[in-house]
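Accompanying notes for the structure given below.
In the working numbering, the protein residues as written are 4 to 412.
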């Protein structure tokens, strides 16, 4: 008879299939003490659960950590819900955790999950109902215990960030019987105090200590509050119903004060920077305006009617001087030409000829006598000399001989 031989992979796959088909192992609650807890960089949590009789390896993948409301640490008693299966590569079985809650808080945890689911279905966690936190507040309302560390942290942070912000404290009971009623009264009282923002919270503690902030009455008071509410319950790993309902969750009361109160010094520095920029821009603008004004003044000077009149007056004066000079030149040239003409005319002037011993003879009918043949004996003649007229009568006339005529010519 032939003997069957299987590979390691086949054996591990067979065992894994056995675990998968077991309904109880797929949905099992296991309680024990946490040991060897490691938070991997990938977001997975690797740990072991142990009791007096043994140990089981466990892992919670990063995708399942949304329901983990506290930080895992060695020595803590917890209840893990998940399924047992085989990791084929190593052949070892381990518990794959889907939910983890502290052991001993089971009843409260179930109440927390039920109320959370109910309020979430009602839309009280919806982001569209979240009111924005004012950037610059003057009055901050605080609902917390008057003697706890939370109020001191808020006061210290607020005084450091902005000493001018007014803090109004309602000293509420935050733990034990009557705590939820006290917190609700505090919220209602601060609504009437006309505060800009409200901080509701307390310091850290167990789930029983923080339970007042898991009550439905407190959640509804926060949801109905017309003033923005910042929840500040416990430490960073603590989560309550109030955190889901509030307009903003702060991991600690100190962080709530930083979120509610703006940093006065930072704002002052920003304002100073704006002031410097404004002064610099004003100086540049003023300098540019002055340069433009000087340019306009220069242009106005050239375009001013007085300047135009002065320019025209100067132009007219220049033209007058040019005209006078041209007239002088013209008169000088004319006088010069006249003198030349006068000198030229002296030789042609009858008076000049008369002064030289010549005379001017004409008949009675004013005909000028130029030739002997123009007169007859007995005619009356007028002989013009330098100082008068001689009236004469022609007795006879004779012409020049050829020799005389040549000589005269």
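Where a beta carbon is used, it is the ideal one built from N, C-alpha and C, also for glycine.
Taking the alpha-carbon of residue 127 as reference, which of 228, 37 and 189 has the nearest alpha-carbon? 228
Measuring only the C-alpha atoms, how far is residue 306 from residue 293? 19 Å
Quick one: which unbroken beta strand (DSSP E) runs of 3-plus residues sit fully inside the stretch 187-252? Chain order, please. 200-205 and 232-236
Which residue's Cα is closest to the Cα of residue 152: 183, 235, 19 and 84? 235
Could you give the residue range of the beta strand (DSSP E) that holds residue 329? First-last for residue 329: 308-349, but that is the alpha helix (DSSP H), not the beta strand (DSSP E).
So, are the CB atoms of residue 62 and residue 98 less than 9 Å apart? Yes, the Cβ-Cβ distance between residue 62 and residue 98 is below 9 Å.
Where does residue 165 sit, in a helix, a strand or coil, going by DSSP? Correct three-state label for residue 165: coil.
C-alpha gap between residue 328 and residue 311, whole angstroms: 25 Å
Helix, strand or coil for residue 134 per DSSP? coil
Measuring alpha carbon to alpha carbon, tell me which of 323, 341 and 203 ends up nearest residue 255. 203
Are residue 115 and residue 217 touching if we call contact CB-CB under 9 Å? yes
Distance, Cα to Cα, residue 16 vs residue 91? 7 Å
Minimum length 3: unbroken beta strand (DSSP E) runs contained in the stretch 78-129: 80-90 and 95-105
Please state whether DSSP places residue 50 in a helix, a strand or coil. strand
Tell me, to the nearest whole angstrom, how far the beta carbon of residue 76 is from that of residue 37; I am working on the premise that it is less than 8 Å. 7 Å
Measure the alpha-carbon distance for residue 208 versus residue 266 and round it to whole angstroms. 30 Å
Among the residues of its own chain, which have a CB less than 8 Å from the CB of residue 68, if the five just before and after it don't count? Within the same chain, Cβ atoms closer than 8 Å to the Cβ of residue 68 are found at 46 and 48, the five residues on either side in sequence being excluded.
Check whether the stretch 143-157 touches the stretch 168-175, counting contact only when three or more Cβ pairs, one atom from each stretch, lie closer than 8 Å. yes
Excluding the five sequence neighbours on either side, which residues of its own chain have a C-beta within less than 8 Å of the C-beta of residue 136, listed in chain order? 200, 231, 233, 250, 251, 262 and 263
Report the CB separation of residue 104 from residue 85 in whole angstroms; it is logged as a contact under 8 Å. A Cβ-Cβ distance of about 12 Å is found for the pair residue 104 and residue 85, leaving them out of contact under the 8 Å criterion.
Residues in its own chain within less than 7 Å of residue 19 by CB, not counting five upstream and five downstream? 88, 89 and 91
DSSP-derived helix/strand/coil call for residue 263: helix
Which ranges would you report for the beta strand (DSSP E) in the stretch 10-70 if only whole runs of at least 3 residues count? 31-42, 48-53 and 58-63
Bounding residues of the beta strand (DSSP E) (the contiguous stretch that carries residue 145): Residue 145 -> beta strand (DSSP E) spans 142-147.
Does residue 173 come out as helix, strand or coil in the three-state DSSP assignment? DSSP places residue 173 in the strand class (E or B) of the three-state scheme.
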